[in-house]
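So in the numbering used here the end of the sequence shown lands on 560, straight run, no missing numbers.
Just so it is clear, CB atoms sit at the ideal spot from N, CA and C, and this is done for glycine as well.
Bear in mind the structure is a predicted one, so any value in this text is a computation, not a measurement.
Following: one structure in structure tokens, then a few remarks.
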Amino acid sequence: MKIAMVGSGYVGLVSGACFADFGHEVVCIDKDDSKIARLKDGIMPIYEPGLDGLVASNVAAGRLSFTTDLAAGIDGAQAIFIAVGTPSRRGDGHADLTFVYEVAREVGEHLANEAVIVTKSTVPVGTGDEVERIIKDTGTAHKFAVVSNPEFLREGAAIGDFKRPDRIVIGAEDDLGREIMREVYRPLFLNESPILFVGRRTSELIKYAANAFLATKITFINEMADLCEKVGANVQDVARGIGMDNRIGSKFLNAGPGYGGSCFPKDTLALLKTAEDYDSPTRIVEAVVKTNESRKRAMGRKVLDALGGAENARGKKVAMLGLTFKPNTDDMRDSPAIAIAQTLGDAGVEVAAFDPEGMEIASPLMPNVIMCEEPYAAIKDADAVAIVTEWDAFRALDLGRVKDLAKAPVIVDLRNIYNPDDMRIAGFDYSSIGRN
């Protein structure tokens with residue numbers, strides 16, 4: 125089957141490469157000339173483990189290609205995926221659907237055969253209805269169906285998530301949509317991946333509800349971590365104790381500096397806006413958004429406390445290890461590191477940082493932060509070391525070298541990757557999240 129993937133960003137590129145690896149003929153389409161040129165040269169626009177090799181092998185096999193020509197790209201395609209960005213709209217937090225609707229209009233104008241148009245982008249309830257209307261208004265003579273097929277990819281583990289999904293959700297309103305989507309995902313049927321056919325609006329809401337629920341789990345355990353610090357409990361043991369209950373589950377119960385990234389922040393805001401539009405308040409999600417934002421600044425104040433308080437922090441230096449919102453990605457969107465660095469900078473603290481993948485993107489977002497070539501360069505002469513992202517590179521630091529280089533043996537571990545007893549024995553003034 126020929127598949128057209130309109131949008132060659134994170135979702136579109138990963139999905140397109142994986143579909144090609146299943147044996148489909150895939151054309152990835154993007155208006156960005158430089159991005160397509162780099163992809164043709166084998167240069168990935170994002171960092172995702174294993175993606176460069178997957179793309180290269182399928183290009184070599186003739187199953188994956190790239191173009192800026194939408195009309196040529198969708199010609200003969202039975203499934204046309206829309207995988208463009210839906211960022212938060214300034215002012216109200218609603219998902220900006222400008223790119224989705226532009227693609228829908230262009231697809232309608234150039235549709236040359238019967239096809240299913242699939243919204244892979246994360247879109248609010250009712251977007252599929254509008255996409256269908258836009259395509260009809262172009263006057264296309266060809267039969268088409270509009271389907272919702274949300275993605276559930278974790279950055280850093282996206283290829284595995286796509287090939288071994290928990291579930292495949294397809295929102296279709298007619299037989300054409302269901303039949304084509306069964307063929308698209310037929311290779312996964314062999315792996316017995318569960319496929320859930322629902323209505324289109326239900327499918328659109330499933331994506332937002334899933335992300336909002338996961339964001340709630342993260343925010344809940346972070347609040348429990350704060351309580352643990354007050355009462356002398358251990359949040360990691362609390363997380364294990366409740367996570368062993370199969371009604372709750374252990375995932376997304378790692379206390380830390382708050383969630384960030386490309387999905388949770390914008391999707392929770394978009395869900396709030398949808399709920400507002402339909403006069404159906406979502407008070408829990410409102411609290412999650414507010415609490416998560418305040419937590420990021422609170423983590424900056426936690427580092428200041430390790431320096432002796434904000435009143436004593438001016439002129440001191442903090443080494444920040446990790447900038448991206450999570451490891452194994454270069455994504456800086458809504459990363460807690462940004463708010464933490466701002467809080468430290470506001471107190472007159474000099475911040476030196478290292479991140480294995482995120483510094484190029486982080487530099488313009490954090491102009492006052494000194495970017496270092498390796499972690500020990502950031503640690504040199506630091507009054508405190510703050511571990512902000514749990515990259516593997518930070519899990520086995522040479523603690524003797526850290527003590528020799530740093531001005532003071534102070535570590536603030538915002539990801540709980542070290543054992544408090546071990547750190548005290550090693551001679552560090554060590555603090556972490558939700559643990560004495």
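{"Query": "Nearest CA to the CA of residue 525: which residue from 539, 398, 544, 501?", "Result": "501"}
{"Query": "Under 8 Å, with one C-beta from each stretch per pair, do the region 408–421 and the region 486–504 reach the 3-pair mark?", "Result": "no"}
{"Query": "Check whether the region 468–486 and the region 432–452 are in contact - that is, three or more C-beta pairs closer than 8 Å.", "Result": "yes"}
{"Query": "What is the DSSP secondary structure of residue 170, counted as helix, strand or coil?", "Result": "coil"}
{"Query": "Measure the Cβ-Cβ separation of residue 537 and residue 511 and say whether it is below 8 Å.", "Result": "yes"}
{"Query": "Suppose contacts are defined by Cβ-Cβ distances below 8 Å. Is residue 336 in contact with residue 395 by that definition?", "Result": "yes"}
{"Query": "Let me check understanding here. Comparing Cα to Cα, which of 166, 464, 332 lies closest to residue 445?", "Result": "464"}
{"Query": "Looking at residue 450: is its Cβ nearer than 8 Å to the Cβ of residue 275?", "Result": "no"}
{"Query": "Hey, residue 206 and residue 308: beta-carbon distance below 8 Å or not?", "Result": "no"}
{"Query": "Can you tell which of 397, 518, 448, 520 has its C-alpha closest to the C-alpha of residue 212?", "Result": "397"}
{"Query": "Rounded to a whole number of angstroms, what is the C-alpha to C-alpha distance between residue 411 and residue 393?", "Result": "11 Å"}
{"Query": "Within the continuous alpha helix (DSSP H) that includes residue 251, where are the two ends?", "Result": "251–261"}
{"Query": "Of the residues 381, 509, 468, 401, which one's Cα is nearest the Cα of residue 448?", "Result": "381"}
{"Query": "Out of 483, 453, 496, 534, state which residue places its alpha-carbon closest to the alpha-carbon of residue 516.", "Result": "453"}
{"Query": "Please determine, among 529, 559, 531, 548, the residue with the shortest C-alpha to C-alpha distance to residue 540.", "Result": "559"}
{"Query": "Whole-angstrom Cβ separation of residue 408 and residue 513, contact assumed at under 8 Å?", "Result": "Contact doesn't hold; Cβ gap of about 27 Å is too wide."}
{"Query": "Check whether the Cβ of residue 252 sits closer than 7 Å to any heavy atom of the ligand SAM, and report yes or no.", "Result": "Inclusion of the ligand SAM in the displayed structure is not the case, the ligand content being empty and no account of it being possible."}
{"Query": "Leaving aside the five residues before and after residue 629 along the sequence, list all residues of the same chain whose C-beta is less than 6 Å from its C-beta, in chain order.", "Result": "In this structure the chain extends from 125 to 560, so residue 629 is not present and cannot be described."}
{"Query": "Measuring straight from C-alpha to C-alpha, what distance separates residue 151 and residue 137?", "Result": "10 Å"}
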